[in-house]
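To keep things clear, I will list the structure first and then write my remarks on it.
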Amino acid sequence: MKRAALYARYSSSLQKATSIEDQIAMARRECERNGWTVVEIFEDREKTGRNMRRPGFQAMKAAVARGEIDVVVIEALDRLTRKVADALTQFDLFQFKGVELHSVKEGELEFFSVLVGGIGAQQFSEMIGAHTRRGMQGAVSRGRLHTSAYGYRKREAAEGLNREIDPEEAEVVRRIFRETADGRSATAIAKALNADRIPAPKGGTWDASSIRGRKDRREGILNNRLYIGEASVCQFGRRYHPETGAKAVFATEDDAVTETFDALRIIPQDLWDQVQAELATRTQRATSTGNPQAARRSKHLLSGLMVCGCCGAPYIKTSRNRFQCRENRKGVCENSVTIRQTRIEPRVFTALRSRLRSAELIAEFEAAFRAEMRILEDTDLGASIKAANAQLAKVRKARRSIMSAIENGADFADYGARDKELKAEAQELEDRVAQLEARQDRKDATPPDIPAIFEAALQDLEALLGDPDLVARANEELRTLIRSITLIPDTKSEDGLAAEIQLDLGSLRSRVWDGGEARGQSP
Numbered sequence: 006m007k008r009a010a011l012y013a014r015y016s017s018s019l020q021k022a023t024s025i026e027d028q029i030a031m032a033r034r035e036c037e038r039n040g041w042t043v044v045e046i047f048e049d050r051e052k053t054g055r056n057m058r059r060p061g062f063q064a065m066k067a068a069v070a071r072g073e074i075d076v077v078v079i080e081a082l083d084r085l086t087r088k089v090a091d092a093l094t095q096f097d098l099f100q101f102k103g104v105e106l107h108s109v110k111e112g113e114l115e116f117f118s119v120l121v122g123g124i125g126a127q128q129f130s131e132m133i134g135a136h137t138r139r140g141m142q143g144a145v146s147r148g149r150l151h152t153s154a155y156g157y158r159k160r161e162a163a164e165g166l167n168r169e170i171d172p173e174e175a176e177v178v179r180r181i182f183r184e185t186a187d188g189r190s191a192t193a194i195a196k197a198l199n200a201d202r203i204p205a206p207k208g209g210t211w212d213a214s215s216i217r218g219r220k221d222r223r224e225g226i227l228n229n230r231l232y233i234g235e236a237s238v239c240q241f242g243r244r245y246h247p248e249t250g251a252k253a254v255f256a257t258e259d260d261a262v263t264e265t266f267d268a269l270r271i272i273p274q275d276l277w278d279q280v281q282a283e284l285a286t287r288t289q290r291a292t293s294t295g296n297p298q299a300a301r302r303s304k305h306l307l308s309g310l311m312v313c314g315c316c317g318a319p320y321i322k323t324s325r326n327r328f329q330c331r332e333n334r335k336g337v338c339e340n341s342v343t344i345r346q347t348r349i350e351p352r353v354f355t356a357l358r359s360r361l362r363s364a365e366l367i368a369e370f371e372a373a374f375r376a377e378m379r380i381l382e383d384t385d386l387g388a389s390i391k392a393a394n395a396q397l398a399k400v401r402k403a404r405r406s407i408m409s410a411i412e413n414g415a416d417f418a419d420y421g422a423r424d425k426e427l428k429a430e431a432q433e434l435e436d437r438v439a440q441l442e443a444r445q446d447r448k449d450a451t452p453p454d455i456p457a458i459f460e461a462a463l464q465d466l467e468a469l470l471g472d473p474d475l476v477a478r479a480n481e482e483l484r485t486l487i488r489s490i491t492l493i494p495d496t497k498s499e500d501g502l503a504a505e506i507q508l509d510l511g512s513l514r515s516r517v518w519d520g521g522e523a524r525g526q527s528p
């Protein structure tokens with residue numbers, strides 16, 4: 006009898022707490038139908054599916070690693086994660102330990118159902134993210150800034166700028182720029198500010214990193230272009246490592262929108278230019294050991310799948326981007342036609358995409374997407390927005406009380422840590438409100454064209470499976486989907502090679518020629 010573990014999760018911004026009990030009840034019934042014994046129940050309350058460090062989730066992984074579980078039962082794939090890469094990584098770990106992944110709604114999950122279901126959940130999440138970005142892009146053009154940058158304070162106004170210069174903090178910003186232009190280091194400036202008992206931007210004490218920051222991310226006092234009146238949004242995106250949760254920041258130049266507001270300028274242009282020149286000079290003087298990028302994996306997507314039609318030997322990689330018959334390379338086979346990786350992969354995927362348009366996979370994708378829509382429709386977003394705003398008001402009131410106590414002579418050291426916590430909490434609540442409002446807009450909008458979204462997802466499939474972080478696992482799974490790719494010299498074919506691609510998609514088992522008609526059935 007199989008030992009089953011149940012896993013349930015809900016996010017505070019999406020569902021009610023009773024969702025946990027409902028999920029567990031459904032999972033128990035599924036175990037009863039299959040004759041499985043429930044030995045463990047794991048849950049995460051008020052945890053987003055994008056966070057892979059959830060306590061309940063990690064405890065479940067540990068139990069799997071110890072060999073205490075034979076099957077993990079969930080309501081639907083999105084209870085584990087809303088990211089394709091995370092879903093495939095987790096599925097891979099389960100497979101390694103011989104543990105089945107079973108969904109109440111989708112049955113036993115295998116690689117391609119996880120892939121397609123994960124794409125559905127991720128597409129929905131990305132759609133919400135895109136809507137949020139559009140809202141931010143439109144807001145900045147109207148002067149509605151979503152920022153808590155040091156030197157500014159909130160301005161209550163129905164229209165126009167919702168931020169204004171804070172005179173006291175602005176003078177500190179000017180001091181930092183003037184002292185930097187005079188050659189003082191960020192460390193020396195931070196020490197002087199702390200000696201003068203000037204509160205840091207996030208409470209507590211100043212440190213060099215909050216002044217120096219990172220130029221490539223426009224982080225830190227000295228790199229913030231808002232101080233010269235330039236307000237930008239959507240310049241960077243963020244990804245989180247599925248295991249460690251480490252944040253990776255990347256530029257999104259196509260999404261970036263910048264507006265100029267003279268009323269927000271704190272630093273004169275000549276001082277700004279002088280400081281940037283000083284920082285560039287310091288960078289040139291600095292001794293750097295370098296930070297080379299980690300080498301790309303040598304594994305490629307079609308590794309081991311391509312064979313020579315003349316001698317049956319594998320096509321192997323003989324240069325950075327070209328494949329050749331192994332026996333021809335030895336001087337044994339007469340097939341001397343080589344092919345570039347960037348030429349063969351699109352041809353294979355053209356054939357593959359046509360088979361992935363099967364009714365079964367389309368149904369799985371639509372089920373995953375509609376599940377996300379139902380969650381959104383069943384959620385009282387108005388109440389969530391109201392609750393988040395109420396909590397935000399309490400946090401802001403608490404911060405005002407701390408500031409008032411300090412102004413009346415209280416020692417900042419006694420309150421600094423708490424103020425730092427409150428400021429971080431306020432930022433999280435502001436972000437949550439923005440996300441909830443974006444979801445409310447999405448809920449009120451016209452229902453999306455799911456078939457069109459599925460078609461767009463298929464167009465992105467080649468790039469997804471070619472992701473360096475997924476290619477090794479994708480190659481293993483393609484071996485169950487693609488029996489072989491036979492390359493035959495043919496002067497009339499593209500690249501001088503005809504490609505016979507043998508696919509095995511269960512009931513869709515067939516042999517196809519890229520660009521041609523199917524020729525018979527595979528054995």
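Residue numbers (our numbering): 6 to 528. Yeah, the Cβ is synthetic: ideal placement off N, Cα and C, and Gly gets one too.
- DSSP places T42 inside the beta strand (DSSP E), whose first and last residues are 42 to 50.
- Counting only residues of its own chain and dropping the five nearest sequence neighbours on each side, D171 has a CB closer than 8 Å to the CB of G156, Y157, R158.
- Between T347 and the set E26, R325, G314, the nearest pair of CA atoms involves R325.
- For L366, DSSP assigns no beta-bridge partner whatsoever.
- Taking the C-beta atoms as reference points, L11 is found no nearer than 7 Å to I25.
- Ranked by Cα distance from E435, the first of A418, A395, G387, A410 is A395.
- Closest in C-alpha terms to K428, from the list R71, S153, M31, comes S153.
- In this structure, the alpha-carbon of M31 lies about 40 Å from that of Q507.
- DSSP, read as helix, strand or coil, puts R404 in helix.
- D385 and S16 have their C-alpha atoms some 13 Å from each other.
- Approximately 14 Å separates the beta-carbon atoms of G414 and P204; this is outside 8 Å, ruling out the contact.
- Apart from the 5 residues on each side of it in sequence, D212 sits with its Cβ closer than 7 Å to the Cβ of A195 in its chain, given in chain order.
- A distance below 7 Å between beta-carbons, with the five flanking residues on each side excluded, links V104 to the following residues of its chain, in chain order: V69, I74, D75, V76, V77.
- With respect to the 7 Å criterion, A439 and V400 are not classified as neighbours on the basis of their beta carbons.
- According to DSSP, Y420 shares a beta bridge with no other residue.
- G225 places its beta carbon less than 7 Å from that of G218.
- When the five nearest sequence neighbours on each side are left out, the beta carbons in the same chain lying within less than 7 Å of the beta carbon of L307 are those of I349, E350, V353, I490, in order along the chain.
- Cβ neighbours of R160 within its own chain (closer than 8 Å, five residues either side excluded): L166, N167, R168, E169.
- About 17 Å separates the beta carbons of L227 and L269, which is beyond the 8 Å limit, so they are not a contact pair.
- For I490, the pairing in a beta bridge is given by DSSP as M311, I506.
- By the C-beta density criterion, S341 is exposed, having fewer than 16 other C-beta atoms within 10 angstroms.
- If the five residues before and after H107 are omitted, its C-beta is found closer than 6 Å to the C-beta atoms of V76, V78, E113, all from its own chain and listed in chain order.
- Rounded to the nearest angstrom, the gap between the Cα atoms of C315 and R84 is 49 Å.
- By the neighbour-count definition (other C-beta atoms within 10 Å, threshold 16), D278 is an exposed residue.
- With a beta-carbon spacing of about 5 Å, F182 and I272 fall inside the 8 Å limit used to define contacts.
- Distance from the CA atom of T94 to the CA atom of Q289, rounded to whole angstroms, is 41 Å.
- I487 is the residue among E37, R180, L82, I487 whose C-alpha sits nearest the C-alpha of A356.
- For R158, the enclosing beta strand (DSSP E) has its first and last residue at 157 to 159.
- Membership of A67 in the alpha helix (DSSP H) is indicated by the continuous run 60 to 70.
- Check the Cα spacing between M6 and each of D27, W41, D424, P60: the tightest is with W41.
- By the 16-neighbour rule on beta-carbons within 10 angstroms, G208 is buried.
- Judged by DSSP in its simplified three-state form, I390 adopts helix.
- The criterion of a C-beta distance shorter than 7 Å is satisfied by S237 and T263.
- Residue state for I203 is assigned as coil, using DSSP reduced to three classes.
- For I411, the CB contacts under 8 Å within the same chain, skipping 5 residues up- and downstream, are P204, F417, Y420 in chain order.
- According to DSSP, residue pairing for V77 in a beta bridge involves A10, L106.
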